[in-house]
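Peer 1: At position 141 of the sequence shown (counting the first as 1) the number is 141 in this note's numbering, and the numbers step up by one without a gap. For glycine and all other residues, C-beta sits at the position ideal for the given N, C-alpha and C. In this text, all values refer to a predicted model and were calculated from it rather than measured experimentally. Can you read through this structure? Questions will come right after.
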Amino acid sequence: MTILIEKPILLAVTGPIYAGKRAYVEYISGRLSCTEVYSLSAFAAFDSKMSSGHVINSENKAEIREYMNTMRHLYGNAYFVKSLKLDKIVNRSVVFVRSLKNATEIEYFRSIGGIVVGIDASKEVRYKRSQMEEPLKGYSFDYFKELETSEFPDLDKCLALSNFIITNEEVDFKRSPSKFYLGPCSDMLNHLSGKFPYFDSDKNDFDPVFIERVNNEDKIKLF
Numbered sequence: 001m002t003i004l005i006e007k008p009i010l011l012a013v014t015g016p017i018y019a020g021k022r023a024y025v026e027y028i029s030g031r032l033s034c035t036e037v038y039s040l041s042a043f044a045a046f047d048s049k050m051s052s053g054h055v056i057n058s059e060n061k062a063e064i065r066e067y068m069n070t071m072r073h074l075y076g077n078a079y080f081v082k083s084l085k086l087d088k089i090v091n092r093s094v095v096f097v098r099s100l101k102n103a104t105e106i107e108y109f110r111s112i113g114g115i116v117v118g119i120d121a122s123k124e125v126r127y128k129r130s131q132m133e134e135p136l137k138g139y140s141f142d143y144f145k146e147l148e149t150s151e152f153p154d155l156d157k158c159l160a161l162s163n164f165i166i167t168n169e170e171v172d173f174k175r176s177p178s179k180f181y182l183g184p185c186s187d188m189l190n191h192l193s194g195k196f197p198y199f200d201s202d203k204n205d206f207d208p209v210f211i212e213r214v215n216n217e218d219k220i221k222l223f
């Protein structure tokens, strides 16, 4: 069977450090087939190599942040998200972008039909999470707050521009993600599963409603 997807649903996340953005994207995208995930920091490392030949280690957050700030200053705050050419992507059900960090990026993303999910949590909870793993383990709470302010000065505006916000106050939420993610996102997943394959990781199979549609039609045009 040929399944034609002319235009993917565009989703992006925004929110402070250690809020759970990466885990959210991994959990939801893992349940949907034909999903593409873009990390703006990883793309910045690629962009640096292609544009200037300078290779940046994608794990070097300070160097990545400096390069991104420079390019945004030169070419506008939406430079990286525009460079992804999201409006040209086809044959993907969902495209995730992780993560938007300024208001201009979010405004542009929403202008092309994207949906922005804000992931938030209190500073105290996020600091506790940061102390459970590298690279911030052992650093003080004051240092954590300073780092966040310097890395994400536009946080409040970004959250205000989000289509909806999920508050994640579980310190060790990664052990049982369904409580945090499936609850607030069940309506979204139910909606998306009517448009393209929805993978139930608990049953290790695709949604039977979608399978029935594939079996009954020669070609499904989703959009």
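Between the beta-carbon of Ile119 and the beta-carbon of Ala19, is there less than 8 Å?
Peer 2: The residue labelled residue 119 in the question sits at position 119 within the sequence shown. The residue labelled residue 19 in the question sits at position 19 within the sequence shown. Yes, Cβ-Cβ distance for Ile119 and Ala19 is below 8 Å.
Peer 1: Going along the chain, which residues of its own chain have a beta-carbon closer than 6 Å to the beta-carbon of Leu136, five neighbours each way excluded?
Peer 2: For this step, residue 136 is matched to residue 136 along the sequence shown. Here the set comprises Ser130.
Peer 1: What residue from Tyr127, Tyr75 and Lys82 has the CA that sits closest to Arg110's CA?
Peer 2: Along the sequence shown, read from residue 1 onward, the residue named residue 110 stands at position 110. Selected option, being the one with the closest Cα: Lys82.
Peer 1: If you follow the beta strand (DSSP E) that Ala12 is in, where does it begin and where does it stop?
Peer 2: Here residue 12 refers to the residue found at position 12 when the sequence shown is read from its first residue. That run of the beta strand (DSSP E) goes Ile9 to Thr14.
Peer 1: For Phe43, which three-state DSSP category applies?
Peer 2: What you label residue 43 is simply residue 43 of the sequence shown in a count that begins at 1. Correct three-state label for Phe43: helix.
Peer 1: Look up Leu159 in the DSSP assignment and say whether it is helix, strand or coil.
Peer 2: On the sequence shown, position 159 is the one that residue 159 refers to. Here Leu159 sits in helix by DSSP.
Peer 1: Buried or exposed for Lys21, please, with buried defined as at least 16 other CB atoms from any protein chain shown within 10 angstroms of its CB.
Peer 2: Here the question's residue 21 lines up with position 21 in the sequence shown. Under this definition Lys21 is a buried residue.
Peer 1: Helix, strand or coil: which one does DSSP assign to Ser111?
Peer 2: Stepping through the sequence shown from its first residue, residue 111 is reached at position 111. Reduced to three states, the DSSP call for Ser111 is helix.
Peer 1: Can you grab the Cα-Cα spacing for the pair Tyr143 / Met71, in whole Å?
Peer 2: Locating residue 143 in the sequence shown gives position 143, counting from the first residue. Locating residue 71 in the sequence shown gives position 71, counting from the first residue. Cα-Cα distance, rounded: 26 Å.
Peer 1: Considering only residues of the same chain and omitting the five flanking positions on each side of Tyr79, which have a CB-CB separation below 7 Å?
Peer 2: Residue 79 sits at position 79 when you count from the first residue of the sequence shown. Same-chain partners within the cutoff: Met71 and Arg72.
Peer 1: Near Gly15, what residues of its chain come up, given a Cβ to Cβ distance below 6 Å and the 5 sequence neighbours on each side ignored?
Peer 2: The residue given as residue 15 occupies position 15 in the sequence shown. Contacts found: Lys21, Gly118, Ile119 and Asp120.
Peer 1: Within 10 angstroms of the Cβ of Met50, are there 16 or more other Cβ atoms? Answer buried if so, exposed if not.
Peer 2: In the sequence shown, counting from the first residue as 1, residue 50 sits at position 50. Under this definition Met50 is an exposed residue.
Peer 1: To the nearest angstrom, how far is the alpha carbon of Tyr75 from that of Glu133?
Peer 2: If you number the sequence shown from 1, residue 75 lands on position 75. If you number the sequence shown from 1, residue 133 lands on position 133. About 35 Å.
Peer 1: Just checking my contact of Glu151 with Arg65 at CB under 8 Å: how many whole Å lie between their CB atoms?
Peer 2: As a working note, residue 151 is residue 151 in the sequence shown. As a working note, residue 65 is residue 65 in the sequence shown. The pair is a contact, with the Cβ atoms about 7 Å apart (cut-off 8 Å).
Peer 1: Kindly identify the DSSP beta-bridge partner or partners of Tyr38.
Peer 2: Indexing the sequence shown from 1 puts residue 38 at position 38. Paired residue(s): Val97.
Peer 1: Going by DSSP in three states, Gly154 sits in which element: helix, strand or coil?
Peer 2: As a position in the sequence shown, residue 154 is number 154, starting the count at 1. The sequence given here has Asp at residue 154, not Gly. Coil at Asp154, not helix or strand.
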